[in-house]
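Colleague: Here it is: the structure, laid out below.
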Ligand code: SF4
Ligand code: SF4
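Protein chains in written order, with my numbering: chain W, 1 to 85; chain U, 86 to 517.
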């Protein structure tokens with residue numbers, strides 16, 4: 001699988017999960033499970049590149065990092081909206 | 086500037102009465118001087134936490150600045166109405182220089198920037214090693230990053246499931262016992278693994294630490310997934326004349342470090358020979374000569390630290406590499422296990438990089454979410470890891486015990502009141 005295909009596949013996995021009503025943020029490990037043919041380092045590189053392109057975004061649980069589609073599920077300011085001023 | 090709103094903090098104020106300088110004094114006087122509302126809100130929230138015996142911080146969400154998947158830890162108050170100035174109070178990790186050497190001018194500049202763009206509170210250093218800037222808003226993250234990288238030429242440190250900022254002792258820059266150049270390898274690996282440092286790569290965090298000798302000043306053995314500890318493979322160098330000078334009281338043991346009290350005359354048998362963990366030393370009173378059976382020496386450094394003018398580590402030097410230390414989350418704390426008893430180091434450290442990739446490749450493939458490499462080894466077994474993964478031959482140095490978990494995990498029935506909680510009651514105090 002070349003990088004472009006892998007990136008496409010990652011986005012498909014993310015979208016399919018959301019369509020099924022599943023998680024909106026996933027770990028690298030979950031991506032690996034869904035794309036068994038690809039090497040974990042290539043998945044990591046492709047997912048990080050998608051973040052740079054603005055097609056994915058990081059989301060932290062505090063101690064680890066997850067990936068999500070921008071604007072879907074919890075926002076980066078998770079559960080905390082700035083009070084009206 | 087609007088009026089500063091102060092809160093009543095009787096419990097927090099009690100901390101000022103102890104014999105030590107108190108952070109409460111510092112935070113309040115800083116807040117007064119710079120008219121920073123966040124100082125007062127911070128103390129107000131702490132008072133509330135003391136009252137409720139619970140934290141009012143929430144974390145998560147934001148991870149970094151543009152292009153970075155680490156270095157920022159999102160921090161929010163769940164008491165936005167009471168303490169609006171700390172509703173977002175993010176932590177920024179700044180990568181420390183190898184050995185933690187700073188020019189005071191650089192620190193002054195950093196403090197000025199942080200007074201201006203953040204709370205003004207810092208923590209030198211976090212347990213990973215980074216300088217920790219405590220408390221700023223989301224809007225300030227990019228400007229802080231710009232200032233750090235463009236003005237100071239500093240970078241963010243690691244967080245999340247990234248490589249964390251490598252850390253080393255000051256080694257050759259200041260210490261006669263450094264058996265390899267800790268700062269150089271720290272710098273080289275930091276630069277080589279930039280991508281892993283700034284973007285999530287692994288099932289969980291990964292730390293390198295480098296200690297120049299077995300005294301292990303950065304506590305690599307207890308804290309790093311991969312620890313590099315300086316050692317030697319030949320014989321301890323002995324200057325018999327200097328040994329005699331210690332015995333005759335002409336030289337002060339431990340370079341005079343314990344001279345605040347009169348410990349009586351130096352007793353080589355009691356203070357060195359009998360304390361050697363493997364009993365591999367002998368002092369011949371008649372001959373006035375020290376013997377060491379180097380085959381049994383475990384390089385604990387005790388004798389060398391007591392008589393530094395007489396004893397020096399051997400000349401053939403390198404590192405021992407240990408794997409798998411971690412703190413309590415998830416499977417309990419554990420110390421490192423020896424992986425490679427001796428390796429000579431040479432820049433650009435290709436052997437080390439190769440070893441690191443081998444470990445990472447396997448961990449990335451087989452490790453579970455939030456499983457440190459030490460826990461993975463525990464799961465599959467040290468023998469399988471050494472033989473199947475590393476492709477090494479097991480040797481007697483590959484032992485796992487004695488290793489102990491210093492933490493106690495309680496069962497619910499052992500804790501007064503248990504730990505079930507009423508979620509409705511909890512939400513009254515901590516709105517979602
Ligand atoms: S670990 Fe050893 S070499 Fe490094 S500073 Fe401490 S005593 Fe010196
Ligand atoms: S370094 Fe430690 S083990 Fe080795 S001879 Fe000295 S006291 Fe004994």
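All C-beta atoms, glycine included, are put in the ideal place defined by N, C-alpha and C.
Computed from a predicted structure; not experimentally measured.
1) Could you give the uninterrupted runs of the alpha helix (DSSP H) lying entirely in the region 146-210 of chain U, keeping only those of 4 residues or more?
2) Where does residue 121 (chain U) sit, in a helix, a strand or coil, going by DSSP?
3) Is DSSP giving residue 79 (chain W) helix, strand or coil here?
4) Using alpha carbons as the reference points, say which of U:323, U:350 and U:345 lies closest to residue 333 (chain U).
5) Name, please, each residue of chain U whose Cβ falls closer than 8 Å to the Cβ of residue 52 (chain W).
6) Any heavy atom of ligand 2 closer than 7 Å to the beta-carbon of residue 522 (chain U)?
7) Count the other CB atoms, across all protein chains shown, that sit within 10 Å of the CB of residue 151 (chain U); report buried if there are 16 or more and exposed otherwise.
8) Going by the DSSP bridge assignment, what does residue 57 (chain W) pair with across the sheet?
9) Going by DSSP in three states, residue 345 (chain U) sits in which element: helix, strand or coil?
10) Which residues in the same chain as residue 227 (chain U) place their Cβ atom closer than 6 Å to its Cβ, once the five residues preceding and following it in sequence are excluded?
11) Alpha carbon to alpha carbon, how far is residue 454 (chain U) from residue 27 (chain W)? Give it in angstroms, no decimals.
12) So does residue 403 (chain U) have its beta carbon nearer than 7 Å to some heavy atom of ligand 1?
13) Sorted by chain position, which residues of the same chain lie with C-beta nearer than 7 Å to residue 401 (chain U)'s C-beta, five sequence neighbours on each side aside?
14) Would you mind telling me which residues of chain W sit closer than 7 Å to residue 450 (chain U), beta carbon to beta carbon, in chain order?
15) Below 8 Å on the Cβ atoms is my guess for residue 24 (chain W) versus residue 65 (chain W); work out the distance and round it to an integer in Å.
16) Given a cut-off of 8 Å, decide if residue 205 (chain U) and residue 115 (chain U) are closer than it, judged by their beta-carbon atoms.
17) Can you tell me whether DSSP reads residue 413 (chain U) as helix, strand or coil?
18) Using the C-alpha atoms, what's the distance from residue 329 (chain U) back to residue 371 (chain U)?
19) DSSP state of residue 488 (chain U), grouped into three classes?
20) Confirm the yes/no value for this check: CB of residue 263 (chain U), any heavy atom of ligand 1, distance under 7 Å.
21) Figure out for me which residue from U:445, U:183, U:134 and U:448 has the closest Cα to the Cα of residue 242 (chain U).
22) Are three or more beta carbon pairs between the region 242-261 of chain U and the region 293-304 of chain U nearer than 8 Å?
23) Could you tell me which residues DSSP pairs with residue 316 (chain U) in its beta bridges?
24) When you compare the CB of residue 159 (chain U) with every CB in chain B, is at least one pair closer than 8 Å?
25) If you run the structure through DSSP and keep just helix, strand and coil, what is residue 438 (chain U)?
26) Considering only residues of the same chain and omitting the five flanking positions on each side of residue 14 (chain W), which have a CB-CB separation below 8 Å?
27) Quick one, which of U:440, U:387 and U:273 has its alpha-carbon nearest residue 357 (chain U)'s?
28) With DSSP as the reference, please indicate the residues paired to residue 377 (chain U) in a beta bridge.
29) Provide the residue(s) that pair with residue 463 (chain U) in DSSP beta bridges, ordered along the chain.
30) Of all the CB atoms in chain U, is at least one closer than 8 Å to the CB of residue 72 (chain W)?
31) Which residue wins for smallest C-alpha separation from residue 99 (chain U), given the options U:90, U:109 and U:91?
32) Taking C-beta pairs closer than 8 Å, name the residues in chain W that residue 250 (chain U) reaches, listed in chain order.
33) At 8 Å on the CB atoms, spell out the chain W contacts of residue 228 (chain U), in chain order.
34) Are the Cβ atoms of residue 343 (chain U) and residue 297 (chain U) separated by less than 8 Å?
35) Please list, in chain order, the residues of the region 131-147 of chain U that have any C-beta partner in chain W closer than 8 Å.
Modeller: The short version:
1) Those alpha helix (DSSP H) runs which fall completely within the region 146-210 of chain U and span 4+ residues are 189-202.
2) Of the three classes helix, strand and coil, the one that applies to residue 121 (chain U) here is coil, per DSSP.
3) Reliability of the predicted coordinates at residue 79 (chain W) is poor, the pLDDT of 44 falling under 50, and the value obtained from them is presented with this limitation in mind. Coil, per DSSP.
4) Cα-wise, what sits closest to residue 333 (chain U) is U:350.
5) Chain U residues near residue 52 (chain W): 152.
6) Outside the modelled stretch of chain U, which goes from 86 to 517, sits residue 522 (chain U), for which no answer is possible.
7) With fewer than 16 other Cβ atoms within 10 Å, it is exposed.
8) Answer is W:68.
9) Under the three-state reduction of DSSP output, residue 345 (chain U) falls in the coil class, being neither helix nor strand.
10) For residue 227 (chain U), the CB contacts under 6 Å within the same chain, skipping 5 residues up- and downstream, are 150 in chain order.
11) C-alpha separation (whole angstroms): 8 Å.
12) Incorrect: residue 403 (chain U) has no Cβ contact closer than 7 Å to ligand 1.
13) Excluding sequence neighbours, residue 401 (chain U) sits near 317, 318 and 319.
14) Chain order gives the chain W residues near residue 450 (chain U) as 40, where near means a beta carbon separation below 7 Å.
15) Rounded, the Cβ-Cβ distance is 15 Å, inconsistent with contact.
16) Going by C-beta atoms, residue 115 (chain U) is nearer than 8 Å to residue 205 (chain U).
17) Residue state for residue 413 (chain U) is assigned as coil, using DSSP reduced to three classes.
18) Using only the alpha carbons, I get a separation of about 12 Å.
19) With a pLDDT of 49 at residue 488 (chain U), under the threshold of 50, the modelled position of that residue is not reliable, and the figure given next carries that caveat. Note: residue 488 (chain U) maps to coil in three-state DSSP.
20) Under cutoff, so the answer is yes.
21) Its Cα nearest to that of residue 242 (chain U), the residue U:183 stands out among U:445, U:183, U:134 and U:448.
22) Because the criterion of three Cβ pairs below 8 Å is met, the region 242-261 of chain U and the region 293-304 of chain U touch.
23) For residue 316 (chain U), which the question treats as bridged, DSSP gives the partners U:403.
24) Absence of chain B from the displayed structure is noted, the protein chains being W and U.
25) If DSSP states are grouped into helix, strand and coil, residue 438 (chain U) belongs with the helices.
26) So the list reads 26, 56, 67, 68 and 69, once near-sequence residues are dropped.
27) Between residue 357 (chain U) and the set U:440, U:387 and U:273, the nearest pair of CA atoms involves U:387.
28) Its beta-bridge partners are U:366.
29) Paired residue(s): none; residue 463 (chain U) is not in a bridge.
30) For residue 72 (chain W), the answer is no, since every Cβ of chain U falls outside 8 Å of its Cβ.
31) The alpha carbon of residue 99 (chain U) has as its nearest neighbour, out of U:90, U:109 and U:91, the alpha carbon of U:109.
32) Per Cβ cutoff of 8 Å: no residues; residue 250 (chain U) is ~15 Å from chain W at best.
33) Correct list: empty, because the minimum Cβ distance to chain W is about 17 Å.
34) For the pair residue 343 (chain U) and residue 297 (chain U), the CB atoms are not nearer than the 8 Å cut-off.
35) So the close ones are 143, 144, 145, 146 and 147.
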